[in-house]
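Asker: Below is the structure I would like to discuss, written out as structure tokens.
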Amino acid sequence: MTQIHVLDDTTINKIAAGEVVERPASVVKELVENAMDAGATAIEVEIMGGGVSFIRVTDNGRGMTREDAQTAILRHATSKISSVSDLQTVATLGFRGEALPTIASVSRFSLLTRRASDDLGTRVDILGGKTPEIEDAGCEIGTSVRVEELFFNTPARKKFLKTNTTEAGKISDYVIRLALSRPDIAFRFINNNRLTIMTAGDDSLRRAIESIYGGDTAGALIPLDFHDEEAEIRITGYISKPSVIRSSRAWQTYIVNGRTIQNRAIAKAIDNVYRALVPKMGFPLAVLRIEVPQRTIDVNVHPQKTEMKFEDEGRIFKAVYKSVLDAIRGAAGESTAIASSVEKPKFHYEAVPLNVGVPADATPYTRNAAAPANTYAMPPVRPQTVHEAVQWRGQSVDLRAAQDRAAAVRSEERAAFSAAVSHTNEEQGTEMEGNLLPIGQVDLTYIIAQSAQSLYIVDQHAAHERILFDRFSAQADGIPSQQMLVHAILSFDAREAQYIEENAELFDRLGFHLEPAGEREYRLTEAPADIPTDEAEDTIREILMSLGDLHAATPANLRQAGLATMACRAAIKAGEELSVRQMEILLDELRATPFPFTCPHGRPTILRFDTHDLAKMFKRTGFNL
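The opening position of the sequence shown corresponds to residue 9 in my numbering, with each subsequent residue numbered one higher.
Spelled out as structure tokens, the structure:
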């Protein structure tokens, strides 16, 4: 007797439902996308009980004939494509022909539809994928689909659903993204008889954002308009100013050729722009509409059509990065409303002179007698140029003499430093040379240093991140914590709360003491001593995000991800001015680490140029080039 047989249609549909209908939000997404494909200008979504007990999606689109309604509930029946070649140019949101039959197989399903040219509409009722009941009915022009008791015949799947509040939140997120993708359609979302989302459908993306997120948020938007003619990429939309950032990417919507998607490359491009501008971790509101040639994308890579494969994802990354960066820079040049954290801090001097090889009889620079006791006319450090020598003295100075004195001091300093470095290198013979002399900062981000034979460029943030990571890693018993003067109440979504519960011991060892304070709420009583208390919440949220990105969640990987995040948060940021003494300490501590050349995330910390490298770059002769 044969053991292999063909499954019946009911079983096939139930299995397919596991791919297409993951939760109530999946149902809403499929039904709304069908309504958008039908040419609707108004769509209403109503749910009750988180969408588990009741979902209704109503539109004023084209509607269907009786024959089309009867065919639409069959598996793989669609009007969107007719052959495999159509997948290369498909412009509709739906095309698989799986949504209606799979939804009907796991719910009490009812469809009511009518075309403008028909006197009567058609009603189709299906109970858990059984034989449909079809009859004529009176109804408005368009289509209305009602789904009740979702997963009533698959209790195992229903058991894995979250709370009604969580499921309703997922539906709300989908409706928001779809409404932003089509501002020309009027959307209404009703949750438990409460109207929570409403857009005008006037084809204004800005007004759609204002309707959803509020006027204050809309007032902090920066428009984007980028066009790469060579790559045939057009990016429009809005990004929020760095003063308006959120703790997650929930407020980011990516629309590619009219389809809302999730894409790591796009998200990373936005992150890279903002992390270079603001020291505080955060995510901006973003609504990006990306237009690319249809031939360069593949939408048939995920049953829920939430992902998309690009022909050249690197080009998309570069285009998004440049469009966002240009928009931010343009706004910063035109407006003063950009967050102060984006602006470079005003330069100031610290009275910490560098005492390396300074002659004993060198004349110190005195305080201006006319100035107050706690101020200096000019910084009390050695002049480095003739202009500085004149200005810092605060009196008339012989230019030739000032130049000679400055040159002599610098010559003696270099000689003393070279001797010290040579002696150190002879003793240690390490790959990274011994003492490094800091010269200064570039863009308040990179430390320029020298040794006897080499020039170094050090990323101050990456270097300090490596130092802190190694320090944290060495504290096997746990990271010292500090009491919060005012306990913070933190709210999380369902997934974040689950991560906290599953990794309570990890957070405790990292120095975060979290106590339950309600449904998905925690009281933060202690934070790591090396992290500013005002950054504790953002650090926790970033750790949670890192945990969610892990593929192999071993205890060691979890701890490493947490430590790397903490080191990144606590490290010196780009844009912070350092004194000479601070630079010296940073370079010394970096040299003492086991892996000084990369940060915990793999980025380089040091670029070294020896004599040969410099000669090669300047195309000098006589160096065996």
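Note that beta-carbon positions come from the ideal geometry of N, C-alpha and C, so glycine has one too.
Quick caveat: nothing in here was measured; it's all calculated off a predicted structure.
According to the neighbour-count rule (16 or more other Cβ atoms, all chains shown, within 10 Å of its Cβ), is Asp16 buried or exposed?
Answerer: Exposed, since its Cβ has fewer than 16 Cβ neighbours within 10 Å.
Asker: Going by C-alpha distance, which of Val153, Ala564, Phe626, Gly137 is nearest Glu82?
Answerer: One point to set straight first is that residue 82 is Leu, not Glu, in the sequence displayed. Nearest of Val153, Ala564, Phe626, Gly137 to Leu82, Cα basis: Gly137.
Asker: Report the rounded CA-to-CA distance for Ile447 versus Glu592, giving the unit in angstroms.
Answerer: Between Ile447 and Glu592, the C-alpha separation is close to 10 Å.
Asker: How big is the Cα-Cα spacing for Leu493 and Ile220?
Answerer: Each residue's Cα considered, the two are about 36 Å apart.
Asker: Exposed or buried, what is His469 when buried is set at 16 or more other beta-carbons lying within 10 Å of its beta-carbon?
Answerer: Classification of His469: buried, given that the 10 Å Cβ count is 16 or more.
Asker: Helix, strand or coil, according to DSSP, for Phe249 in the structure here?
Answerer: Per the sequence presented here, residue 249 reads as Lys, with Phe not at that position. Correct three-state label for Lys249: coil.
Asker: With DSSP as the reference, label Gln590 as helix, strand or coil.
Answerer: Residue state, collapsed to three classes: helix.
Asker: Threshold first: 3 residues or longer. Then list the beta strand (DSSP E) segments lying entirely within the segment 490-560, N to C.
Answerer: Listed in chain order, the complete beta strand (DSSP E) runs (minimum 3 residues) inside the segment 490-560 are 521-526, 529-536.
Asker: Among the candidates Asp538, Ile508, Leu518, Gln490, whose CA atom is the shortest distance from the CA of Pro524?
Answerer: Checked all of Asp538, Ile508, Leu518, Gln490; the closest Cα to Pro524 is Ile508.
Asker: Would you call the segment 514-524 and the segment 577-585 touching, i.e. three or more CB-CB distances under 8 Å?
Answerer: No, they do not touch.
Asker: Can you look up Pro612 in the DSSP assignment and give me helix, strand or coil?
Answerer: Pro612: strand per DSSP, three-state reduction.
Asker: Looking at Tyr329: is its Cβ nearer than 8 Å to the Cβ of Asn280?
Answerer: Yes, they are a contact pair.
Asker: What does a CB cutoff of less than 8 Å around Lys265 pick up in its chain, not counting 5 residues either side in sequence?
Answerer: The question names Lys, yet the displayed sequence has Asn at residue 265. Excluding residues within five positions, the ones whose Cβ falls inside 8 Å are Ala99, Ile298, Glu299, Val300, Gln302, Ile305.
Asker: Since Gly486 contacts Arg517 with CB under 8 Å, what's their CB separation in whole angstroms?
Answerer: Gly486 to Arg517, Cβ: 4 Å. Contact.
Asker: Flag this pair as yes or no: are the beta carbons of Ala572 and Phe477 separated by less than 8 Å?
Answerer: In contact: Ala572 and Phe477 (Cβ atoms closer than 8 Å).
Asker: For the alpha helix (DSSP H) holding Phe480, just list the boundary residues, first then last.
Answerer: It spans 468-481 - the alpha helix (DSSP H) in which Phe480 sits, taken as one unbroken run.
Asker: If you follow the beta strand (DSSP E) that Ile110 is part of, which residue opens it and which one closes it?
Answerer: The residue you asked about is not Ile; residue 110 is Thr in the sequence shown. Segment 107-113 is the alpha helix (DSSP H) holding Thr110; no beta strand (DSSP E) there.
Asker: Identify whether Thr54 lies in helix, strand or coil by the three-state DSSP scheme.
Answerer: At residue 54 the sequence reads Glu, which differs from the Thr that was named. Strand.
Asker: To the nearest angstrom, how far is the alpha carbon of Ala535 from that of Glu52?
Answerer: Each residue's Cα considered, the two are about 46 Å apart.
Asker: Can you tell me where the beta strand (DSSP E) holding Glu30 begins and where it ends?
Answerer: No beta strand (DSSP E) holds Glu30; DSSP gives it neither H nor E.
Asker: Taking the alpha helix (DSSP H) that Gln78 falls in, what are its first and last residues?
Answerer: It spans 74-80 - the alpha helix (DSSP H) in which Gln78 sits, taken as one unbroken run.
Asker: Anyone know if the C-beta pair for Gly59 and Val36 falls short of 8 Å?
Answerer: For Gly59 and Val36, yes; Cβs fall inside 8 Å.
Asker: Closer than 8 Å is the cut-off here; do at least three beta carbon pairs connect the segment 178-186 with the segment 195-209?
Answerer: Output reads yes: the segment 195-209 touches the segment 178-186.
Asker: Is it right to say Ala187 is buried, meaning 16 or more other beta carbons lie within 10 angstroms of its own, or is it exposed?
Answerer: Buried: at least 16 other Cβ atoms inside 10 Å.
Asker: Gln270 by DSSP, collapsed to three states: which one?
Answerer: Note: Gln270 maps to coil in three-state DSSP.
Asker: Tell whether a beta-carbon distance below 8 Å holds between Ala339 and Ile243.
Answerer: Going by C-beta atoms, Ala339 is not nearer than 8 Å to Ile243.
Asker: Could you compute how far the alpha carbon of Lys624 sits from the alpha carbon of Gln461?
Answerer: Whole-angstrom Cα-Cα distance: 15 Å.
Asker: Which value, in whole angstroms, describes the spacing of the CA atoms of Glu545 and Phe168?
Answerer: When rounded, the distance between both Cα atoms is 29 Å.
Asker: Quick one: what does DSSP say His620 is sitting in, helix, strand or coil?
Answerer: Helix.
Asker: Between Gln260 and Leu101, what straight-line distance do the alpha-carbon atoms span, to the nearest angstrom?
Answerer: For Gln260 and Leu101, the distance between alpha carbons rounds to 20 Å.
Asker: Express the C-alpha separation of Ile149 and Tyr262 in angstroms, rounding to a whole number.
Answerer: So the two alpha carbons sit approximately 32 Å from each other.
Asker: Rounding to the nearest angstrom, what Cα-Cα distance links Leu615 and Leu463 in this structure?
Answerer: Going by the C-alpha atoms only, they are around 8 Å apart.
Asker: Under a three-way DSSP split, which group does Glu240 fall into?
Answerer: Coil at Glu240, not helix or strand.
Asker: What residue from Leu232, Val295, Glu543, Ile336 has the CA that sits closest to Ser251's CA?
Answerer: For the residues Leu232, Val295, Glu543, Ile336, the minimum Cα distance to Ser251 belongs to Ile336.
Asker: Is there at least one non-hydrogen atom of the ligand ZN closer than 7 Å to the beta-carbon of Arg190?
Answerer: Among the components modelled here there is no ligand, and therefore nothing to report on the ligand ZN.
Asker: In chain order, what residues of the same chain have a beta carbon less than 8 Å from the beta carbon of Thr73, not counting five sequence neighbours either side?
Answerer: Arg123, Asp126, Thr130.
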